[in-house]
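Worksheet: one structure, shown below.
Numbering (my numbering), first residue to last: 1 to 84.
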């Protein structure tokens with residue numbers, strides 16, 4: 001199935017200083033990501049950077065496209081309308 005982009009989030013988060021709060025939570029919530037887990041992983045990966053340097057973060061979510069319904073299923077059967 002084809003994938004389509006459903007949501008794109010761009011953040012500037014200070015290196016080693018991601019904290020669970022409204023700024024990050026409102027961005028990650030619609031993606032269905034755990035805010036505490038993101039902060040923990042981000043802080044661990046940016047521990048080697050200079051403290052409080054803004055790091056750009058780009059995240060996106062994808063959703064599978066649903067197949068289109070069959071046309072015969074949508075159209076009424078002409079033979080059924082002639083029944084008594």
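Don't be surprised by glycine CBs; every beta carbon is placed ideally from N, CA and C.
Alpha-carbon to alpha-carbon, residue j and residue i
i, j, result
"residue 46", "residue 6", "27 Å"
"residue 11", "residue 24", "8 Å"
"residue 50", "residue 62", "32 Å"
"residue 37", "residue 13", "15 Å"
"residue 21", "residue 48", "23 Å"
Where the alpha helix (DSSP H) through residue i begins and ends
i, result
"residue 43", "35 to 45"
"residue 22", "22 to 28"
Inter-residue CB distance, residue i and residue j (contact presumed, cutoff 8 Å)
i, j, result
"residue 18", "residue 43", "5 Å"
Close Cβ partners of residue i (< 7 Å) along its chain, the five nearest in sequence each way excluded
i, result
"residue 59", "9, 31"
Beta-carbon proximity list for residue i, same chain, < 6 Å, skipping 5 on both sides
i, result
"residue 15", "46, 49, 53, 55"
Residues near residue i by beta carbon distance below 8 Å, same chain, minus five either side
i, result
"residue 39", "18, 19, 20, 24"
Contact between the segment 22 to 29 and the segment 47 to 54 (3+ Cβ pairs under 8 Å): Look at the beta carbons and you see the segment 22 to 29 not touching the segment 47 to 54: under three pairs across the two are nearer than 8 Å.
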